[in-house]
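Following: one structure in structure tokens, then a few remarks.
In structure tokens form, the structure reads like this:
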């Protein structure tokens, strides 16, 4: 059912996936993980940008909101700052990763704090799922960012992405594949670890404005749906993961660093990506 019809029916369920590299002011690991000297403050900035999106979505008619903490250990958002009618997904491992909890009951998806792909020549902290392990991720032959990958998961369930925030490279890259969704630029990339950034307060205000703009033109958006079956290509920085994964009959060894997997749909593809990103012998007792 179109978003406009959903709003008229009195139901508007919104899914918000939140990363951290695209938050205003983030430029290095100093802001991004436990133990880093600016991380506590930037957890707050990340939370406040998310709260801004929540408040704007509610003002635009959202009746139910699920937030998915999707950065690092996925325990970043300060949950005591959230209103009691909002639920959160946190912790790992979990199926569908940054989109855990999405299903066909949702009407719109918002991305907050997103970054560009590992193949992008620009973008602050640009990577796709793992900056330490992967050099390329493609769906049906098209290189994708995390945003486009996650939009395809939402598209599998018939849910459109309506808005994204992040640096200029991240916003442009997702829009080039997903379509003319609303985008808010939190900073301009000057390099992998540098940016011309706006302030947290300016970002909070801008995100709210763009979320409201997205819901004002809710009839313009369509789910990002890939042709099935879905072909996933992944290239690793090292050759051993590709070699060992190729022992599985479901995997094609494309070259020394790359594999190909064909999934029935985006859920199968997402499960495969979550497996290779999460499994290690340390999970054993």
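Residue numbers (our numbering): 4 to 288. All C-beta atoms, glycine included, are put in the ideal place defined by N, C-alpha and C. Remember, it's a predicted structure, so these values are computed and weren't measured experimentally.
Which term fits residue i, buried or exposed, when burial requires 16 or more other beta carbons within 10 angstroms of its beta carbon?
i           : result
residue 148 : buried
residue 275 : buried
residue 253 : exposed
residue 181 : buried
residue 43  : exposed
residue 203 : buried
residue 29  : buried
residue 266 : buried
residue 126 : buried
residue 4   : Confidence at residue 4 is low in this model, with a pLDDT of 46, below 50, so the placement of that residue is unreliable and no value is reported for it.
Is it the case that the Cβ atoms of residue i and residue j are separated by a distance below 7 Å?
i           : j           : result
residue 238 : residue 139 : yes
residue 105 : residue 56  : no
residue 59  : residue 165 : no
residue 210 : residue 67  : no
residue 84  : residue 156 : no
residue 81  : residue 46  : yes
residue 177 : residue 151 : yes
Can you give the Cα-Cα distance for residue i and residue j, rounded to whole angstroms?
i           : j           : result
residue 92  : residue 163 : 20 Å
residue 228 : residue 99  : 16 Å
residue 142 : residue 89  : 32 Å
residue 272 : residue 199 : 36 Å
residue 259 : residue 230 : 27 Å
residue 145 : residue 184 : 19 Å
residue 50  : residue 75  : 15 Å
residue 244 : residue 179 : 31 Å
residue 22  : residue 73  : 5 Å
residue 112 : residue 158 : 10 Å
Could you pull out every residue in the same chain whose Cβ sits closer than 8 Å to the Cβ of residue i, ignoring the five residues on either side in sequence?
i           : result
residue 137 : 121, 130, 131, 237, 238, 239, 240
residue 31  : 128, 196
residue 223 : 183
Between residue i and the rest of its own chain, which residues show a CB-CB distance below 7 Å, the 5 nearest in sequence each way excluded?
i           : result
residue 103 : 71, 92, 97
residue 25  : 116, 117, 118, 168, 169, 170, 173, 189
residue 108 : 16
residue 94  : 77, 78
residue 65  : 15, 17
What does a CB cutoff of less than 6 Å around residue i pick up in its chain, not counting 5 residues either side in sequence?
i           : result
residue 263 : 236, 255, 257
residue 128 : 24, 118
residue 279 : none
residue 287 : none
residue 218 : 63
Please confirm whether residue i has its beta-carbon closer than 7 Å to some beta-carbon of chain C.
i           : result
residue 151 : Absent from the structure is chain C; it holds one protein chain and no more.
For the segment 239-272, list the beta strand (DSSP E) runs that are entirely contained and at least 3 residues long, ordered along the chain.
Counting only runs of 3 or more, we get 254-258, 261-266.
Ranges of the beta strand (DSSP E) found wholly within the segment 38-88, counting only runs of at least 3: At a cut-off of 3 residues, the continuous stretches assigned as beta strand (DSSP E) that sit fully inside the segment 38-88 are 67-72.
Open item on the list: I'd like the ranges of any beta strand (DSSP E) spanning at least 3 consecutive residues and lying wholly in the segment 168-254.
Closed with: Fully enclosed beta strand (DSSP E) runs of no fewer than 3 residues occupy 185-194, 197-200, 233-239 of the segment 168-254, in order along the chain.
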